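J.:
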Amino acid sequence: MLLDKSSCALLRHLIGIQEPETIMAISKELQQSRRKIYYHLEKINAAFPDHVEPIESLPRIGIRLSEEQKQACRQLLDSIDSYSYIMNMDERMQLMLLYICIAHERITLEKLMDLTEVSRNTVLNDLNEIRSRLSKEQYQMTLYVSKSQGYDLACHPLTKIQYIHSLLYSLFTEASKSFVSILEDKVSLFSGCQSLVLKLN
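Structure (structure tokens):
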């Protein structure tokens, strides 16, 4: 069975699971029915190498992946053509934060929509989630928007440098090849940031 975009969305979600998660919770997060989640799980398990245990939902616990299963999920994603790749919420937020941190231009909502290729409401929801997550992190940064600068981060300049370093390290070590390919294409369009593409390769 071939993996489609919905299967890829589930793969990316599974890779990011830190605690056991029920099928119901996953179905709500991905806005897919439980039946479809089970169907895509079956396709993912069928695509796993023989030595990797299939992913199962345990009663009263849910799904919890071993490191071997997560690695198998990453390899499946890496094998998918980046042109058919759809970014998940975490990847969109990483891309937007990278853009906001390093681009030398006024960043508008419309530019973020073009960057992530999703709707206005989806971008606004992502921005709200970014604000929420930043408020809980150690960097003490605040996402704000103004007419003159558009979207930007309020923080000490050294803090922003530390955050960019942390974000890039995360991308270099954890992002799938398909997402990195998208990053290379997108970053090359950032004003004044073409040289960063060389570092992503």
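FYI, this note's numbering numbers position 54 of the sequence shown as 241, with every residue one higher than the one before it.
From the three backbone atoms N, C-alpha and C, an ideal C-beta is built for every residue, glycine too.
Note that the coordinates shown come from a computational prediction; the quantities given were computed from them, not determined experimentally.
1. For Ser244 and Glu229, I'd like the C-alpha separation in whole angstroms.
2. Go to Thr309, then tell me how far its beta strand (DSSP E) extends in each direction, as first and last residue.
3. DSSP state of Glu208, grouped into three classes?
4. In its own chain, which residues sit with a C-beta less than 7 Å from the C-beta of Asp277, not counting the 5 before and 5 after it?
5. When you compare only the Cα positions, how much space is there between Val310 and Asp237?
6. So Gln336 packs on Arg293, CB below 8 Å; how close in whole Å?
7. Just reading off the beta strand (DSSP E) that Tyr338 is part of, what are its end residues?
8. Just to confirm, is the Cβ distance from Ile242 to Ile250 under 8 Å?
9. Tell me whether Met274 is buried or exposed, calling it buried when 16 or more other Cβ atoms sit within 10 Å of its Cβ.
10. Per DSSP, which one or two residues make a beta bridge with Ser244?
11. Helix, strand or coil for Ser363, going by three-state DSSP, please let me know.
12. Would the beta-carbon of Ile231 fall within 8 Å of that of Leu198?
13. Residues bridged to Ile294 by DSSP?
14. Which of the three DSSP states, helix, strand or coil, is assigned to Val374?
15. Among all the DSSP beta bridges, which residues are the ones paired with Val332?
16. Just how far apart, CA to CA, sit Cys260 and Ser322?
17. Suppose contacts are defined by Cβ-Cβ distances below 8 Å. Is Tyr326 in contact with Thr346 by that definition?
18. Quick check on this structure: which residue in Asp265, Ser220, Lys298 and His200 has the alpha carbon closest to the alpha carbon of Ser368?
19. Assuming Ile289 and Leu340 make a contact with CB atoms under 8 Å, what is their CB distance in whole Å?
20. Assign Lys373 to buried or exposed, taking buried as 16 or more other Cβ atoms, counted over all protein chains shown, within 10 Å of its Cβ.
21. Is it the case that the Cβ atoms of His227 and Ser253 are separated by a distance below 8 Å?
T.: In terms of the structure at hand:
1. 12 Å
2. Per DSSP, Thr309 belongs to no beta strand (DSSP E); it is in the alpha helix (DSSP H), Arg307 to Lys323.
3. strand
4. Gly203
5. 40 Å
6. 6 Å
7. Gly337 to Ala341
8. yes
9. buried
10. In DSSP, Ser244 forms a bridge with Ile250.
11. Here Ser363 sits in coil by DSSP.
12. Yes; because the gap between Cβ atoms is below 8 Å, this pair is in contact.
13. Gly337
14. In this structure, Val374 counts as helix in the three-state DSSP scheme.
15. According to DSSP, Val332 bridges with Tyr338.
16. Spanning the two alpha carbons is a distance of roughly 31 Å.
17. yes
18. Asp265
19. Contact doesn't hold; Cβ gap of about 11 Å is too wide.
20. The residue in question, Lys373, is buried, as its Cβ has 16 or more Cβ neighbours within 10 Å.
21. no
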